Amino acid sequence: MPLVPRDVHVSELWRYPVKSLRGERVDVADIRKEGIVGDRIVHVRESSGRVATSRFRPGLLGFAGTLGEDGEPLVDGVRWSAPSVLDRVRTVTEPHAELVRFDGVDHGQRFDVLPLTVLTESMARAVGYDHRRFRPNLLIADAPDDAELRWSGYGLRIGEALIGVRNRRSRCVMTTFDPDTLEQDPMVLLRVVRAFNGRVALDCWVERPGEVRVGDRVEVVELPAGLAA
Numbered sequence: 012m013p014l015v016p017r018d019v020h021v022s023e024l025w026r027y028p029v030k031s032l033r034g035e036r037v038d039v040a041d042i043r044k045e046g047i048v049g050d051r052i053v054h055v056r057e058s059s060g061r062v063a064t065s066r067f068r069p070g071l072l073g074f075a076g077t078l079g080e081d082g083e084p085l086v087d088g089v090r091w092s093a094p095s096v097l098d099r100v101r102t103v104t105e106p107h108a109e110l111v112r113f114d115g116v117d118h119g120q121r122f123d124v125l126p127l128t129v130l131t132e133s134m135a136r137a138v139g140y141d142h143r144r145f146r147p148n149l150l151i152a153d154a155p156d157d158a159e160l161r162w163s164g165y166g167l168r169i170g171e172a173l174i175g176v177r178n179r180r181s182r183c184v185m186t187t188f189d190p191d192t193l194e195q196d197p198m199v200l201l202r203v204v205r206a207f208n209g210r211v212a213l214d215c216w217v218e219r220p221g222e223v224r225v226g227d228r229v230e231v232v233e234l235p236a237g238l239a240a
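When you line the sequence shown up against the working numbering, it's residues 12 to 240, in that order.
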């Protein structure tokens, strides 16, 4: 089992109430089998039926997705279902796009791979770019430099939750867009491919739901037999 210093902890928690929009930092997250409560519960669907993402509609990153007090997503502070929000979203996608709630069946659309993305600060420093480009749900501080290379197949016990680590995450063109200016820098993905085999952060599932807070210690543990991916 990989050795982990005792001070490894959660430094940031993120959720993205509307898929492919900017997310919001939170201090505490209720993590369930389907991921963080409030994460990616609304998406943009185009007339072709496909879910629009910032891979091919980078203008979506110009909107901020947050969660209102009633649990409904907001886009730049306005309820997601408001006509004005849809009008703005259509300007960066297509004239017939719609904002739609996920119906609870994923089919590989709500989450591109698995419900949680875990990124270590050490990997972000090694890449040399703003960690927000990689859209983590959990950012982990003080992990060993090689943590992301060694944690696959293990569990991360954090707060009340147990998170299973499947493998390192393949990255796409979305990482090339600055999260603040939307300016594109192709060198980001080129570096990820050349130096890190195209993989940054970890694809994870939820083995045991629970509450996780910023500052919670991260422990690497063996998963029950048959669960290691």
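The C-beta atom is built at its ideal place from N, Cα and C for all residues, glycine as well.
None of these values were measured; they are calculated from a predicted model.
Excluding sequence positions up to five before and after E230, its CB lies within less than 6 Å of the CB of R168, all in the same chain and listed in chain order.
The criterion of a C-beta distance shorter than 9 Å is not satisfied by A75 and F145.
In the three-state scheme derived from DSSP, where H, G and I count as helix and E and B as strand, R161 is classed as helix. Separation of the CB atoms of H20 and G170 is rounded to 10 Å, and the pair is thereby denied contact status at 8 Å.
Within the DSSP secondary-structure output, P84 pairs in a beta bridge with L78. Assignment of H142 by DSSP, reduced to helix, strand and coil, places it in the helix class.
Closest by C-alpha distance to R177, out of N208, W216 and L201, is W216. E218 places its beta carbon 9 Å or farther from that of A40. C183 and L125 have their alpha carbons spaced roughly 16 Å apart.
The criterion of a C-beta distance shorter than 9 Å is satisfied by D214 and T128.
Note that the C-beta distance between V232 and G164 is not below 9 Å. Here L32 carries a coil assignment [DSSP, helix/strand/coil].
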